[in-house]
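Trainee: Reminder that position 54 of the first sequence reads as 56 in my numbering, one-by-one numbering, no gaps.
We put the CB at the ideal spot given by N, CA and C, even for glycine.
Got a structure for you, questions after.
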Amino acid sequence: MKVLGYDFFCRPARLVAKELLGKIFVRKLRGKTFMGRVVETEAYLGSKDPASHACKGLTKRNSVMFGKPGVSYIYLCYGFHYMMNVVTEKEGVAGAVLLRGVEPLKGLGNKATNGPGKIAGAFKLGKKDNRLLLAKKNGLYFAEDGYKSFKIVKTGRIGIKQGQDLPLRYYIEGSKYVSKLKSNY
DNA sequence: TTACCGATCGCA
DNA sequence: GCGATCGGTAAA
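Laid out in structure tokens, this is it:
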């Protein structure tokens, strides 16, 4: 399996969000390996995107979104849930892709992974994992295994109050592991 | 230093 | 439908 690196993430967020579908998210921690197939993502942009943390310019929290692509951006939301993002775009341009749904492949038992908070929980991601370069040596990365027999659906984003109309959410049609939030699409 | 509130989830 | 509960951010 080929590990996705700098070149993959150094592109527009919407493109990375779309192409990350079907890829494998790998996390190694204390000898255990967690793996899941990405089935749902959302892109977050910079100043143009009212829902993005980066829309109001650079701050301490979102500075990683302006940094090097292929780095994790994990933060606590609502005081309970961590969200796993990957930084995209070249250095200096804000952009990230949020992982919203994953199909369990290995090491996840019966844990639900159909939602951003659940994914972080199942993969044991926390603030320690923020700003980590996604690479094999860090035990946190995405890999490509040639899986591509699926249909991609593009819709407005969900779970946010600003910029919902922007069609930046992508998911694999028919997957059981796409997140289900309120009146879904 | 304080007040506000959010890219959520699970239970009623 | 609602409450849980934390940390970043802006205002004072």
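Check each candidate in Lys70, Gly109 and Leu78 and name the one with the smallest Cα separation from glycine 97.
Mentor: For the purposes of this step, residue 97 is taken as the residue at position 95 of the first sequence. Closest option to glycine 97, Cα to Cα, is Lys70.
Trainee: Is it the case that the Cβ atoms of leucine 170 and alanine 19 are separated by a distance below 8 Å?
Mentor: On the first sequence, position 168 is the one that residue 170 refers to. On the first sequence, position 17 is the one that residue 19 refers to. Closer than 8 Å, so yes.
Trainee: May I have the straight-line CA-CA distance separating leucine 183 from isoleucine 160, to the nearest angstrom?
Mentor: On the first sequence, position 181 is the one that residue 183 refers to. On the first sequence, position 158 is the one that residue 160 refers to. For leucine 183 and isoleucine 160, the distance between alpha carbons rounds to 7 Å.
Trainee: Restricting to Cα atoms, I'd like to know which of Ala45, Thr157, Pro106 and Asn64 is closest to phenylalanine 36.
Mentor: Translated into positions along the first sequence, residue 36 becomes position 34. Ranking Ala45, Thr157, Pro106 and Asn64 by Cα distance to phenylalanine 36 puts Pro106 first.
Trainee: Alpha carbon to alpha carbon, what distance is there between tyrosine 173 and valine 155?
Mentor: Locating residue 155 in the first sequence gives position 153, where the first residue counts as 1. Locating residue 173 in the first sequence gives position 171, where the first residue counts as 1. Distance between the alpha carbons of valine 155 and tyrosine 173: 5 Å.
Trainee: Can you tell me whether arginine 32 is buried or exposed? The criterion is at least 16 other CB atoms within 10 Å of its CB, across all chains shown.
Mentor: Start at 1 with the first residue of the first sequence, and residue 32 comes out as number 30. It counts as exposed.
Trainee: Does the distance from the C-beta atom of valine 99 to that of valine 73 stay below 8 Å?
Mentor: In the first sequence, the residue the question calls residue 99 occupies position 97. In the first sequence, the residue the question calls residue 73 occupies position 71. In this structure, valine 73 does not lie closer than 8 Å to valine 99 by Cβ.
Trainee: Would you check if there are 3 or more beta carbon pairs closer than 8 Å linking the segment 114 to 126 to the segment 50 to 62?
Mentor: No, the segment 114 to 126 does not touch the segment 50 to 62.
Trainee: Compare the Cα-Cα distances from asparagine 132 to each of Val40, Ser49, Ser181 and Met85 and report the closest residue.
Mentor: Sequence index remark: in the first sequence, residue 132 carries index 130 (1-based). Comparing Cα-Cα distances from asparagine 132 to each of Val40, Ser49, Ser181 and Met85, the minimum goes to Met85.
Trainee: Report the three-state DSSP secondary structure of tyrosine 179 (helix, strand or coil).
Mentor: Within the first sequence, the letter at position 177 stands for residue 179. Reduced to three states, the DSSP call for tyrosine 179 is coil.
Trainee: Assign serine 185 to buried or exposed, taking buried as 16 or more other Cβ atoms, counted over all protein chains shown, within 10 Å of its Cβ.
Mentor: Taking the first residue of the first sequence as 1, we reach residue 185 at position 183. With a pLDDT of 42 at serine 185, under the threshold of 50, the modelled position of this residue cannot be trusted; read the value that follows with caution. That one is exposed.
Trainee: What are the boundary residues of the alpha helix (DSSP H) that includes isoleucine 121?
Mentor: By 1-based counting over the first sequence, the position of residue 121 is 119. Element bounds for isoleucine 121: 118 to 124.
Trainee: Could you please give the first and the last residue of the uninterrupted beta strand (DSSP E) stretch that includes alanine 114?
Mentor: The residue labelled residue 114 in the question sits at position 112 within the first sequence. Neither: alanine 114 is in no beta strand (DSSP E) and is coded neither H nor E.
Trainee: Helix, strand or coil for lysine 108 per DSSP?
Mentor: Looking up residue 108 in the first sequence gives position 106. In this structure, lysine 108 counts as strand in the three-state DSSP scheme.
Trainee: In whole angstroms, what is the alpha-carbon distance linking arginine 16 and glutamate 44?
Mentor: Mapped onto the first sequence, residue 16 falls at position 14. Mapped onto the first sequence, residue 44 falls at position 42. Looking at the two C-alpha atoms, the distance is approximately 8 Å.
Trainee: Measure the alpha-carbon distance for alanine 145 versus threonine 115 and round it to whole angstroms.
Mentor: If you number the first sequence from 1, residue 145 lands on position 143. If you number the first sequence from 1, residue 115 lands on position 113. The alpha-carbon atoms of alanine 145 and threonine 115 are separated by roughly 18 Å.
Trainee: Give me, in chain order, the residues of the same chain whose beta-carbon lies closer than 8 Å to that of glutamate 21; leave out the 5 immediate sequence neighbours on both sides.
Mentor: For the purposes of this step, residue 21 is identified with residue 19 of the first sequence, where counting begins at 1. Excluding positions up to five away in sequence, the list reads Phe10.
Trainee: Expressed to the nearest angstrom, what Euclidean distance is found between the alpha-carbon atoms of leucine 6 and lysine 163?
Mentor: In the first sequence, counting from the first residue as 1, residue 6 sits at position 4. In the first sequence, counting from the first residue as 1, residue 163 sits at position 161. Taking the straight line joining both Cα atoms gives about 32 Å.
Trainee: Lysine 4 to aspartate 147, Cα distance in whole Å?
Mentor: Indexing the first sequence from 1 puts residue 4 at position 2. Indexing the first sequence from 1 puts residue 147 at position 145. Roughly 7 Å separates the two Cα atoms.
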